[in-house]
Structures are given as C-alpha cells and as structure tokens.
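Novice: Residue numbers (the working numbering): 3 to 148. After the structure tokens below, expect a handful of questions from me.
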C-alpha cells in the first residue's frame, strides 16, 4: 500500500471521531498525476449532496499539462464511492453542528486509488497546544532512551 498524499494539517486541526475508506472517481490523467505524487489535500473537504459524496478543493494537476483537455479543471469536485450506509452516516454527521468531514490521505489498494476520510470535530487552541506539548514530551523520552 503506497501513500501518495497525507493531510497532516487535519490531524493537527481536528479531533478524528470515525474513519472511512472511499474510492475515487477519477480521469486517467488524474490517476497518473496522483501516482507521481502531484496531489494536494490542503484545504479540501467532503460534501454530501443528495445520495452522493464529493471531494471538494483537492488540487490534482494534469499529468501532462500540454496534452490535457482545454477545459480541464484541477480543483473540480470528484465523486466518492461509498456504500449507502456510509453515505447516510456522513450525511448525519454533516448536519450535526460542530462536525465536519475531512480527507486524510490518498493511497493505493491493489490497482485502485483510495481516499481515507474522517468525521472530525475542530480542536480549540488549548487542545492544539496540549497536542504539541505531548508530542515534545514523547520526542524527549525517545531521545533519552536512545
């Protein structure tokens, strides 16, 4: 399983409640571009519209920009492939105040590309400081053991 992109900011800004794995509906030139690591999940989010979920705001540039179609949009909404029960759970979470759905990473599973997403709650400033403090303590502990 090769990881092509991580949204490290999501782990810092949000408290993850529940994780899901979703397929992505992509064009061929987008698949090639992702496999080269040319994807950015920064600022991306998941929106549920009707009976479908979409990845919005992810930037996937064309594999070969000169050969890309004239109307290609690198930040277009991309449909996520999820089961009905997962879609219903995401729809409920999206309607709940204080919860959001964030993309975490893009990886390969066999010959398919998968997107890990999570229902998340935003952290407060003191929670972020606490996470930094905890990370620093763990780092110092590892250094002292080595």
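Ideal placement from N, C-alpha and C gives every residue a C-beta, glycine not left out.
1. Across the region 70-86 and the region 125-135, are there enough close Cβ pairs to call them in contact, namely three or more that are closer than 8 Å?
2. What are the boundary residues of the alpha helix (DSSP H) that residue 136 is part of?
3. Whole angstroms is fine: what's the gap from residue 106's alpha carbon to residue 93's?
4. Mind checking which residues open and close the alpha helix (DSSP H) that includes residue 86?
5. Residue 95 and residue 121: beta carbons closer than 8 Å?
6. Looking only at C-alpha atoms, which of 114, 65, 70 and 75 sits nearest to residue 34?
7. Since I believe residue 55 is in contact with residue 84 (beta carbons under 8 Å), could you give me their beta-carbon distance rounded to a whole number of angstroms?
Specialist: In terms of the structure at hand:
1. Counting Cβ pairs under 8 Å, fewer than three are found: no touch.
2. Element bounds for residue 136: 127-147.
3. Going by the C-alpha atoms only, they are around 18 Å apart.
4. Per DSSP, the unbroken alpha helix (DSSP H) holding residue 86 starts and ends at 86-97.
5. When the beta-carbon positions are compared, residue 95 and residue 121 come within less than 8 Å of each other.
6. Ranking 114, 65, 70 and 75 by Cα distance to residue 34 puts 65 first.
7. About 6 Å separates the two Cβ atoms, so the contact holds.
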